Amino acid sequence: MTNTESKILDGKTLAKKIQARLKEQIAVLEPKIGRPPGLAVLMVGDNPASAVYVRNKEKSCARVGIASFGRHFPENTTQEILEQEILKLNQDDRVDGILVQLPLPKHLDSVGLLLKIDPDKDADGLHPTNLGRLVRSETGLRSCTPAGVMRLLEEYNIAIAGKKAVVVGRSILVGKPLALMLLEQNATVTIAHSRTQDLGAVCREADILVAAVGKPEFITAEMVKPNAVVIDVGINRIEAEGKSRLVGDVDFESVSQVASYITPVPGGIGPMTVAMLLHNTVLSYS
Ligand SMILES: NC(=O)c1ccc[n+]([C@@H]2O[C@H](COP(=O)([O-])OP(=O)(O)OC[C@H]3O[C@@H](n4cnc5c(N)ncnc54)[C@H](OP(=O)(O)O)[C@@H]3O)[C@@H](O)[C@H]2O)c1
């Protein structure tokens, strides 16, 4: 271990900068196109965390000049009604981006809904067509959280080519697409998961270590190579001393003593994800 304090990869500030640039871009494009860009966020049921996320997305849209066409459906809404709504939004010329806020109530099939979204309006970049484009290194809408990680690394001029990157987590939402994006930038990539043996040793190989696990403070200093770049994708709400707070998948206190760069939670990848959602919407609009 070294005693140097890590530098913070400040996603909050970069997200604000990206949003300011998108606002300028929209101001130029809107008179030519004759309407603002539009994003439709579909939410089903009353999951309180989802409600906060949807509100944040709509507020960010308003800040940059994106019109919101979101709809909030009751918990017992059928798959068919949601599919009809998506097909309507696909045809709606005012709407450039569509996303379904997850998680959905248990009776609904999220993949079935995702498949109904026009791939060119797939603001979350999770449609198989867009994931296929990523596999083939073709241009297309990229999933927001991994794209946010890559944009943050770029902002801080972190070298990726030839480096060893370890991504802990293999979800379709974060781990897998992020591993492909790192590979596209010529990193040597390892994907670790719950069946990985000696995870500590695997992580200690990493020049760039990404945690997307969903377990509070799971990555500790002993698992981190000195001067590695550590990206914490995790967002976990924990209760401590009668208070609730957000922590990542990385034990920030200990790891920040070892890493060269680290993302905070909150203020790291969370705001970058929203910024990339707005970016995707403007990309589909322009
Ligand atoms: N910042 C943002 O905007 C943002 C966006 C999305 C998600 N998140 C957060 O990121 C975290 C991950 O999200 P997700 O959707 O990718 O979660 P997920 O679908 O639950 O995937 C978690 C992954 O972690 C792996 N894992 C679980 N326990 C492990 C262990 N003991 N050792 C090694 N790997 C283990 C799982 O392995 P298996 O595949 O083997 O089960 C799985 O691949 C969550 O905290 C989530 O809230 C944040």
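Letter by letter, the sequence shown follows residues 12 to 297 of our numbering. Just so you know, even glycine gets a beta-carbon here, dropped at the ideal spot from N, CA and C. Bear in mind the structure is a predicted one, so any value in this text is a computation, not a measurement.
{"query": "Three-way DSSP call (helix, strand, coil) for K117 in this model", "result": "coil"}
{"query": "CB contact flag (N247, P227, <7 Å)", "result": "yes"}
{"query": "Contiguous beta strand (DSSP E) assignments of at least 3 residues, all confined to the stretch 226-283", "result": "240-243, 247-251 and 254-258"}
{"query": "Complete runs of the beta strand (DSSP E) confined to the stretch 46-107 [at least 3 residues]", "result": "49-55 and 82-84"}
{"query": "P48 versus K27 - alpha carbon distance", "result": "19 Å"}
{"query": "Cβ neighbours of A158 in the same chain (closer than 6 Å, five flanking residues each side left out)", "result": "M287"}
{"query": "Cα-Cα separation, R147 to L210", "result": "29 Å"}
{"query": "Boundaries (first-last residue) of the alpha helix (DSSP H) holding T156", "result": "C155 to E166"}
{"query": "Continuous alpha helix (DSSP H) stretch holding K23: start and end", "result": "G22 to I44"}
{"query": "Residues that DSSP places opposite T199 in a beta bridge", "result": "K175"}
{"query": "Residues near M8 by beta carbon distance below 6 Å, same chain, minus five either side", "result": "No answer is possible for residue 8: it lies beyond the span of the chain, which begins at 12 and ends at 297."}
{"query": "Boundaries of the alpha helix (DSSP H) in which L145 is found, first to last residue", "result": "P139 to V146"}
{"query": "L152 - DSSP class collapsed to helix/strand/coil", "result": "coil"}
{"query": "K175 versus P139: straight-line alpha-carbon distance, rounded", "result": "27 Å"}
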